[in-house]
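Undergrad: One structure, as structure tokens, below. Some questions next.
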Amino acid sequence: MPVDEAELLAGFEATIGHNDRIEPRDWMPEGYRKTLIRQIAQHAHSEIIGMQPEGTWVTRAPSLRRKAILLAKVQDEAGHGLYLYSACETLGVSRDELTRRLIDGSQKYSSIFNYPALSYVDVGTIGWLVDGAAICNQVPLCRTSYGPYGRSMIRICKEESFHQRQGFELLATMMRGTDEQRAMVQESVNRFWWPALMMFGPPDDDSPNSAQSMAWGIKRNTNDELRQRMVDMTVPQADALGVTLPDPSITWNDERGSYDFGAPDWEEFWDVVQGNGPCNKQRIDHRKKAYDDGVWVREAAMAFAAKGTEQ
Ligand SMILES: [Fe+2]
Ligand SMILES: [Fe+2]
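Numbering-wise, the UniProt record's numbering puts 123 at position 123 of the sequence shown, and it's gapless, one number per residue.
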């Protein structure tokens, strides 16, 4: 009996409608598969590329304690990348292929990682703001419609919350220090605030794929909703730290029950996405070198595996 695609589609839509999960062996529309591959790959690439800005500070940590924390954090990000590559592989694309698409630029990673970490304070700011934004983005993804993606998010979110707290704690420690240390924190927050808000992607009016992703239950909130959540979460934390967010238009709006805030420089955002950020080239060159340097490891592993099947 020929498989009736309309029937399969109806089954798929019923599963989405009940907020049940789509699993790897279930039938899914090609568009759903492609959207998921793009989103999960972009997410995985962000975790892996995201190790670079902070990773440069591992050898220059100011104390053994800070070094242990940073090492743990950077290793967690590698783990996140691996869970997500595995989730993506269940959609029928190999990790090797995904790495190639990252290196040749046909798949993207989060624009934030094209900004440099200029001092150790940036480790704190990245933890507080960048991992903070990641949490806002990722908590709703624990309920995403694709099973392997949602399940990987649960563990990732727990670790992101450790990342955010270690960042906040580093900054709080600096804020209790000298005037010079406080000035370093403020300067770092000034640099990261707007790029952190850009992590949620373009405004909803300018985000053509969002509606379809929401209809498929891949995304649970729009970019602007998540950005608002980030601002509402962060303003009281900035007050507690004693830093000023570099946006004079932040004010509490009683009617909305949220903070009003200004718009990021979207021209800068698109410019960075198109490859012209301060570190785009450096990030991809570094990843490519790691991939090329790893050829012998992959070849040895394949040879070993082949030997195993011969016996
Ligand atoms: Fe992560
Ligand atoms: Fe993180």
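Backbone N, C-alpha and C define an ideal beta-carbon position, used for all residues, glycine too.
For the alpha helix (DSSP H) that contains Thr173, what are its first and last residues?
TA: Taking the sequence shown and counting its residues from 1, one reaches residue 173 at position 173. That run of the alpha helix (DSSP H) goes 147 to 175.
Undergrad: Asp122: beta carbon under 7 angstroms from a heavy atom of ligand 2?
TA: By 1-based counting over the sequence shown, the position of residue 122 is 122. Result no, Cβ not under 7 angstroms from ligand 2.
Undergrad: Could you please give the first and the last residue of the uninterrupted alpha helix (DSSP H) stretch that includes Tyr259?
TA: Translated into positions along the sequence shown, residue 259 becomes position 259. Per DSSP, Tyr259 belongs to no alpha helix (DSSP H); it is in the beta strand (DSSP E), 258 to 260.
Undergrad: Please state whether DSSP places Asn137 in a helix, a strand or coil.
TA: Numbered from 1 along the sequence shown, position 137 holds the residue referred to as residue 137. In the structure shown, Asn137 sits in a helix (DSSP, three-state: H, G or I).
Undergrad: Would you identify the three-state DSSP class for Thr251, choosing helix, strand or coil?
TA: Residue 251 sits at position 251 when you count from the first residue of the sequence shown. Note: Thr251 maps to strand in three-state DSSP.
Undergrad: From Asn276 to Glu7, what distance separates their C-alpha atoms?
TA: Working through the sequence shown from its first residue, we reach residue 276 at position 276. Working through the sequence shown from its first residue, we reach residue 7 at position 7. Answer to the nearest angstrom: the Cα atoms are 46 angstroms apart.
Undergrad: Are three or more beta carbon pairs between the segment 113 to 132 and the segment 141 to 148 nearer than 8 angstroms?
TA: No: the two stretches stay apart, fewer than three of their Cβ pairs being nearer than 8 angstroms.
Undergrad: Less than 8 angstroms between the CB atoms is what I'm expecting for Ser111 and Met51, so what's the real figure, rounded?
TA: Mapped onto the sequence shown, residue 111 falls at position 111. Mapped onto the sequence shown, residue 51 falls at position 51. Contact doesn't hold; Cβ gap of about 16 angstroms is too wide.
Undergrad: Can you say whether Leu36 is buried or exposed, counting buried as having 16 or more other CB atoms within 10 angstroms of its CB?
TA: Stepping through the sequence shown from its first residue, residue 36 is reached at position 36. Answer is buried; the Cβ neighbour count reaches 16.
Undergrad: Using DSSP with H/G/I as helix, E/B as strand and the rest coil, what is Ile218?
TA: Counted from its first residue, the sequence shown places residue 218 at position 218. Coil.
Undergrad: Compute the beta-carbon to beta-carbon distance between Met230 and Cys136, rounded to the nearest angstrom, for a pair I have assumed lies under 8 angstroms.
TA: Counting from one through the sequence shown, the residue named residue 230 turns up at place 230. Counting from one through the sequence shown, the residue named residue 136 turns up at place 136. About 5 angstroms; that satisfies the 8 angstroms criterion.
Undergrad: State the start and end residues of the unbroken alpha helix (DSSP H) segment that holds Gln107.
TA: Residue 107 sits at position 107 when you count from the first residue of the sequence shown. Per DSSP, Gln107 belongs to no alpha helix (DSSP H) and is neither H nor E.
Undergrad: For Arg66, is the classification buried or exposed, using 16 other Cβ atoms within 10 angstroms of its Cβ as the cut-off for buried?
TA: Walking along the sequence shown from the start, residue 66 turns up at place 66. When all chains shown are included, Arg66 counts as buried.
Undergrad: Tell me whether Asp76 counts as near ligand 1, meaning its Cβ is closer than 7 angstroms to at least one heavy atom of that ligand.
TA: Mapped onto the sequence shown, residue 76 falls at position 76. It does: the Cβ of Asp76 is within 7 angstroms (strictly closer) of some heavy atom of ligand 1.
Undergrad: Measuring alpha carbon to alpha carbon, tell me which of Pro264, Trp266, Asp265, Ser249 ends up nearest Ser258.
TA: Looking up residue 258 in the sequence shown gives position 258. The shortest Cα separation from Ser258 among Pro264, Trp266, Asp265, Ser249 belongs to Ser249.
Undergrad: In the DSSP assignment, find the unbroken alpha helix (DSSP H) run with Trp27 in it and report its ends.
TA: Numbered from its first residue, the sequence shown carries residue 27 at position 27. Element bounds for Trp27: n/a, residue is neither H nor E.
Undergrad: Going by beta-carbon coordinates alone, are Val185 and Val243 separated by less than 8 angstroms?
TA: Counting from one through the sequence shown, the residue named residue 185 turns up at place 185. Counting from one through the sequence shown, the residue named residue 243 turns up at place 243. Contact: yes.
Undergrad: Under 5 angstroms, CB to any heavy atom of ligand 2. Which residues pass, going along the chain?
TA: Here the list is Asp131, Glu160, His163.
Undergrad: Could you pull the start and end residues of the alpha helix (DSSP H) that Gln181 belongs to?
TA: By one-based count along the sequence shown, residue 181 stands at place 181. From DSSP, the alpha helix (DSSP H) with Gln181 extends over 179 to 198.
Undergrad: Go to Thr244, then tell me how far its alpha helix (DSSP H) extends in each direction, as first and last residue.
TA: Here residue 244 refers to the residue found at position 244 of the sequence shown. Looking at the DSSP string, Thr244 is not in any alpha helix (DSSP H), and its letter there is neither H nor E.
Undergrad: Which residues share a DSSP beta bridge with Ile22?
TA: On the sequence shown, residue 22 is found 22 positions in, with the first residue counted as 1. Answer is Tyr146, bridged to Ile22.
Undergrad: Between Gly177 and Trp128, is the Cβ-Cβ spacing less than 8 angstroms?
TA: Counting from 1 along the sequence shown, the entry for residue 177 is found at position 177. Counting from 1 along the sequence shown, the entry for residue 128 is found at position 128. Going by C-beta atoms, Gly177 is not nearer than 8 angstroms to Trp128.
Undergrad: At which residues does the alpha helix (DSSP H) containing Gly277 begin and terminate?
TA: Counted from its first residue, the sequence shown places residue 277 at position 277. Counting along the chain, Gly277 falls outside any alpha helix (DSSP H), and DSSP gives it neither H nor E.
Undergrad: Considering just the uninterrupted stretch of the alpha helix (DSSP H) at Val121, what are its terminal residues?
TA: As a working mapping, residue 121 is identified with position 121 in the sequence shown. 121 to 125 is the extent of the alpha helix (DSSP H) around Val121.
Undergrad: For Trp270, which option in Met175, Leu171, Asp96, Pro202 has the closest C-alpha, if you only look at C-alpha atoms?
TA: On the sequence shown, position 270 is the one that residue 270 refers to. Ranking Met175, Leu171, Asp96, Pro202 by Cα distance to Trp270 puts Pro202 first.
Undergrad: Enumerate in chain order the residues of its own chain whose CB-to-CB distance from Pro264 is below 6 angstroms, with the five nearest sequence positions on each side excluded.
TA: Here the question's residue 264 lines up with position 264 in the sequence shown. Closer than 6 angstroms at Cβ, skipping near neighbours: Trp194, Leu197, Met198.
Undergrad: Leaving out the 5 sequence neighbours to the left and right, which residues in its chain are closer than 7 angstroms to Asp204 when beta-carbon positions are compared?
TA: Reading the sequence shown from its first residue, position 204 is the one you call residue 204. Once the five neighbours on either side are set aside, the close Cβ partners of Asp204 are Ser210, Thr222, Asn223, Asp224.
Undergrad: Please classify Gly31: is it buried, with 16 or more other beta-carbons within 10 angstroms of its beta-carbon, or exposed?
TA: Position 31 of the sequence shown holds residue 31. So Gly31 ends up on the exposed side.
Undergrad: Short check: CB of Tyr85 to CB of Pro278, under 8 angstroms?
TA: Sequence index remark: in the sequence shown, residue 85 carries index 85 (1-based). Sequence index remark: in the sequence shown, residue 278 carries index 278 (1-based). Taking 8 angstroms as the Cβ cut-off, Tyr85 and Pro278 do not qualify as a contacting pair.
Undergrad: For Lys158, is the classification buried or exposed, using 16 other Cβ atoms within 10 angstroms of its Cβ as the cut-off for buried?
TA: Within the sequence shown, residue 158 is the residue found at index 158, counting from 1. Counting Cβ neighbours within 10 Å, Lys158 comes out exposed, since fewer than 16 surround it.
Undergrad: Flag this pair as yes or no: are the beta carbons of Ser145 and Ile40 separated by less than 8 angstroms?
TA: For the purposes of this step, residue 145 is taken as residue 145 along the sequence shown, with counting starting at 1. For the purposes of this step, residue 40 is taken as residue 40 along the sequence shown, with counting starting at 1. Taking 8 angstroms as the Cβ cut-off, Ser145 and Ile40 do not qualify as a contacting pair.
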